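Asks: Residue numbers (full-length UniProt numbering): 1 to 375.
Structure incoming, see below.
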Ligand code: HEC
Ligand SMILES: [Cu+2]
């Protein structure tokens, strides 16, 4: 159809070139561009887009962002202004249907300029970002302390371990960090790809099955923030959120010592199978708060004040466990999808505790939950 119309017009003798338009309005264009650039940069810099900076790395990462805003907004405005201006100035006027624009010959000089400037700029920005990222992850100077934390992602919870803690490794469903000490996270995934992220630290990296990834941060602010999974990993992805708490070095040491004492008390009772009531409950408590390496710590998803956990992906067990029989507890653990707690979704709680916990471990956990609920 369109072609036909065109050829008719050609037949009418209307083909050929449109007259040139008058001078391009360079000055008003520049004024509009400069105003738009100023507004764009101001919005980029003045609006507080990010959460607080809770690690020394955060400041440098935010500076990279600000530099990128300052350098990219003018180019965005330049391109947009020219495009909009051309659409308006060189639009088809009545009587010009089917005519071509004036012939323009290529301009080698212009092409070199508009290739070279972006190339130089991109290389400069990439180098700057690369150097910044390398510098902020530098290992602390020799003699300076560094805390190693192992992070394990599993549908749909994180567990943490402090392998080099003085007095023995510590496992935990909660991430506690000392302020002003460099922390190196070694991150693993047991099932699918997850992504370990604390927005306030500004650093994040994928947790990939089969390899260990890592990054460093130095927490610089006391407080509590969210540990977030930033890689879509299944139905429970949005619930894969825990807490990181940054405390003073003294409180951190005290927490580690308490954890170690708890773990020893549990281990002191020997294998869970032979332990009597009290020891069994202690073993159950440790399993609840720390898992066993294969079985995710219950506390990563469940709050239970006796175990000191605050997970929020599943029901708060302080509120729901009163009056449950051991058989009901066992079933809730090994077959979680049989009955779904109101307001929660099926498929979030791991369905494999029947395999990842040994029979004695399961019994110890049930004893612990029963005793805790009765307190
Ligand atoms: C990945 C998160 C996650 C982990 C880890 C987890 N749970 Fe759950 N749990 C849930 C969710 C979500 C529900 C609610 C849905 C359901 O009933 O299956 C739930 C439900 C329960 C219930 C039933 C509560 C009610 O009100 O009906 C019990 C009991 C329970 N979990 C105990 C445990 C124990 C013990 C462990 C550790 C062995 C554990 N959970 C590990 C997420 C988790
Ligand atoms: Cu995940």
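The beta carbon of each residue, even a glycine, is placed where N, CA and C say it ideally should be.
Note that the coordinates shown come from a computational prediction; the quantities given were computed from them, not determined experimentally.
Hey, could you find the ends of the beta strand (DSSP E) residue 146 is sitting in?
Replies: Along the chain shown, one-based indexing puts residue 146 at 146. Its beta strand (DSSP E) spans residues 146-154.
Asks: Just tell me which of 216, 194, 219, 215 has its CA closest to the CA of residue 207.
Replies: Locating residue 207 in the chain shown gives position 207, counting from the first residue. The shortest Cα separation from residue 207 among 216, 194, 219, 215 belongs to 194.
Asks: With respect to 8 Å, is the separation between the Cβ of residue 157 and the closest non-hydrogen atom of ligand 1 below this value?
Replies: Here residue 157 corresponds to residue number 157 of the chain shown, with the count starting at 1. Checking every heavy atom of ligand 1 against the Cβ of residue 157, one is found closer than 8 Å.
Asks: Note down, in chain order, each residue of its chain lying with its Cβ closer than 7 Å to the Cβ of residue 56, except the 5 sequence neighbours on either side.
Replies: Here residue 56 is taken as the residue at index 56 of the chain shown, counted from 1. Cβ neighbours of residue 56 beyond the five flanking positions: 218, 220.
Asks: Which residues count as close to ligand 2 when the rule is a CB under 5 Å from any of its heavy atoms, in chain order?
Replies: After applying the 5 Å Cβ criterion, the set is 194, 229, 233, 240.
Asks: Check whether the Cβ of residue 236 lies closer than 8 Å to any heavy atom of ligand 1, and answer yes or no.
Replies: As a position in the chain shown, residue 236 is number 236, starting the count at 1. Yes - ligand 1 has a heavy atom lying nearer than 8 Å to the Cβ of residue 236.
Asks: My guess is that residue 151 and residue 185 are in contact by the Cβ rule of under 8 Å, so how many angstroms apart are they, rounded?
Replies: In the chain shown, the residue the question calls residue 151 occupies position 151. In the chain shown, the residue the question calls residue 185 occupies position 185. Their Cβ separation, rounded to whole angstroms, is 5 Å, which keeps residue 151 and residue 185 in contact under 8 Å.
Asks: Sorted by chain position, which residues of the same chain lie with C-beta nearer than 6 Å to residue 306's C-beta, five sequence neighbours on each side aside?
Replies: Stepping through the chain shown from its first residue, residue 306 is reached at position 306. Excluding sequence neighbours, residue 306 sits near 372.
Asks: Could you check if residue 329 is buried or exposed, using at least 16 other CB atoms within 10 Å of its CB as the buried criterion?
Replies: The sequence position of residue 329 within the chain shown is 329, counting from 1. Buried: at least 16 other Cβ atoms inside 10 Å.
Asks: How many angstroms separate the CA atom of residue 257 from the CA atom of residue 325?
Replies: Indexing the chain shown from 1 puts residue 257 at position 257. Indexing the chain shown from 1 puts residue 325 at position 325. Those two C-alpha atoms are separated by around 34 Å.
Asks: Does the distance between the C-beta of residue 290 and the nearest non-hydrogen atom of ligand 1 fall short of 8 Å?
Replies: The residue given as residue 290 occupies position 290 in the chain shown. No, ligand 1 has no heavy atom inside 8 Å of this Cβ.
Asks: Indicate, with yes or no, if ligand 1 has a heavy atom lying under 8 Å from the CB of residue 152.
Replies: Along the chain shown, read from residue 1 onward, the residue named residue 152 stands at position 152. No, since every heavy atom of ligand 1 falls outside the 8 Å radius drawn around the Cβ of residue 152.
Asks: Assuming residue 364 and residue 284 form a contact by the criterion Cβ under 8 Å, report the distance between their Cβ atoms to the nearest whole angstrom.
Replies: For this step, residue 364 is matched to residue 364 along the chain shown. For this step, residue 284 is matched to residue 284 along the chain shown. Correct: roughly 4 Å between the Cβ atoms.
Asks: Throw me the rounded Cβ distance for the residue 179 and residue 247 pair, which I believe falls under 8 Å.
Replies: The residue you call residue 179 lines up with position 179 of the chain shown. The residue you call residue 247 lines up with position 247 of the chain shown. About 7 Å; that satisfies the 8 Å criterion.
Asks: Considering only residues of the region 204-262, which uninterrupted beta strand (DSSP E) runs meet the minimum length of 3 residues and lie entirely inside it, listed in chain order?
Replies: Listed in chain order, they are 213-217, 223-229, 241-247.
Asks: Please name the residue in 64, 321, 139 whose C-alpha comes closest to that of residue 341.
Replies: Taking the first residue of the chain shown as position 1, residue 341 is located at position 341. Nearest of 64, 321, 139 to residue 341, Cα basis: 321.
Asks: Does the beta carbon of residue 345 fall short of 8 Å from some heavy atom of ligand 1?
Replies: By 1-based counting over the chain shown, the position of residue 345 is 345. Under cutoff, so the answer is yes.
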